[in-house]
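The structure appears below as structure tokens.
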Amino acid sequence: MVEATGLVLVPSGPTPDGGWPLVVYGHMTTGAADRCAPTRGTPGHPELRRMQQGDDLARRLLSAGVAVARPDYEGLGSAGGHPYLRGESLGRSMIDMVAATRQLIPLNGDWVASGHSEGAVAALNVADRRQKLIPGMHLRGVHAITPVTQMDALIRLLRPLPVAAQPLTGPLVALAALIIKGQAVEDPAIEELALGGGLAPRAAALWDHLETRCLEELGKSDSWGGLAPSQLLGSRGEQLMGAVVDKLVADDVRRLSLRHVPVRIDEGLVDAVAPLVFTEQLVRTYRSQGITVTHRRWVAGHSATNSDAHSVPSASQWIVARLR
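According to numbering that gives the first Met the number 0, the stretch in the sequence shown is residues 0 to 323, in order.
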């Protein structure tokens, strides 16, 4: 058993007969350190923007009479490491949040898994046929905002770049470091390889930053963001890259076999983290499985897609319709 933390939000007014419908919302990447857990967000926190990125959606759902639960994920704000971007762990965090919420407030048994970026990976993994759901709770839909997919291809494309080009490469280099760290949580051999020549000496010296700094800080020039992609790997870099990419490919959301529940995917047309071409391929993959996919495109970047100015009004209506 792994301890985890999260936040439960309840609509104002009396409890409806039979209890509330529920949305479990998975947050976007904030980092891997405990202080990066959204429940630890305070005014002035360097990661506050990403911690609050789901607030627009939560407000609309609460006003529609839907309870919202927001897990921190395994290892964020609680003991142990965070298996960053590892699908099984993320999906389990969402499902366990359902079980915990049901102990706190009355629920009517209907719920939707929703999430943004890393949280979209979490939501999609809820629908993985291998995940065991909570008896008596009925999954009515999955909502994925800018889901991260084919990170292996993105890493290969960026790897030859010889310069640190802020603000583009900084966050992406930080994400690559978090991916390696997340795999090392589940497989200590990855950390041994990374610190034993897989990473260049300058990169290896920054390893501890992954346990103390959040994504915004990791992307700065005094941390991982100060490295060009071509400066990441050391003498055993090919070995490390091979091991990391193999795990990324095996764990990618495009390889999931989903339960037949309605899926909605919102994508940003100018998204540098979840590029348009990869999201479009993901939609086609799910439709080829016979999954009903509602697909919407927005003229927005990775974060802004999840806002009142873009997907949230339409997406919240879709979610409420699933719950009714």
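C-beta atoms are modelled at their ideal positions from N, C-alpha and C, and glycine is treated no differently.
Keep in mind that this is a model prediction, so the values were computed, not measured.
- The way I'd put it, the region 223-242 doesn't touch the region 268-286; fewer than three beta-carbon pairs between them come closer than 8 angstroms.
- Pairing D109 with L138, the inter-Cα distance amounts to about 6 angstroms.
- Comparing alpha carbon positions, the residue from V282, R48 and Y24 closest to D95 is Y24.
- Three or more beta-carbon pairs separated by less than 8 angstroms link the region 132-147 to the region 104-120, which places the two stretches in contact.
- Taking 7 angstroms as the cut-off, the Cβ atoms of S310 and T304 count as close.
- For I264, there is no enclosing alpha helix (DSSP H); the enclosing beta strand (DSSP E) covers residues V262 to G267.
- Under the three-state reduction of DSSP, L174 is assigned to helix.
- Every alpha helix (DSSP H) of 4 residues or more that sits fully in the region 230-293 is shown, in chain order, as 236-250 and 275-287.
- Taking the CA atoms as reference points, V262 sits about 43 angstroms from R201.
- Distances from the alpha-carbon of A122 to those of Q102, V97 and L61 put V97 closest.
- If you keep only unbroken beta strand (DSSP E) runs of at least 3 residues inside the region 74-154, you get 106-115 and 137-144.
- Around the C-beta of E266, 16 or more other C-beta atoms lie within 10 Å, and the residue is accordingly described as buried.
- Exclusion of the five residues before and after Q182 leaves I189, V243 and K246 as the residues of its chain whose Cβ lies within less than 7 angstroms of its Cβ.
- With a cutoff of 7 angstroms on beta-carbon distance, D55 and S306 are scored as near each other.
- Remark: C-beta atoms of V65 and P20 approach each other more closely than 7 angstroms.
- Taking C-beta separations shorter than 8 angstroms and ignoring five residues to either side along the sequence, the partners of G289 in its chain run H259, following chain order.
- L232 and P159 have their C-alpha atoms some 11 angstroms from each other.
- Spatial neighbours of A299 in its own chain (CB-CB distance under 6 angstroms, excluding positions within 5 residues in sequence) are listed in chain order as G267 and H309.
- In this structure E210 is not in contact with R85, their Cβ atoms being roughly 17 angstroms apart against a cut-off of 8 angstroms.
- The Cβ-Cβ distance between G74 and Q130 does not fall below 7 angstroms.
- At the C-beta level, L60 and S315 come within 7 angstroms of one another.
- Ranked by how close their Cα comes to the Cα of G76, the residues W317, M50 and L205 have M50 in first place.
- Around N124, the same chain offers G86, L89 and G90 as residues with beta carbons nearer than 6 angstroms, after the five sequence neighbours per side are excluded.
- When DSSP states are grouped into helix, strand and coil, L198 belongs to the strand group.
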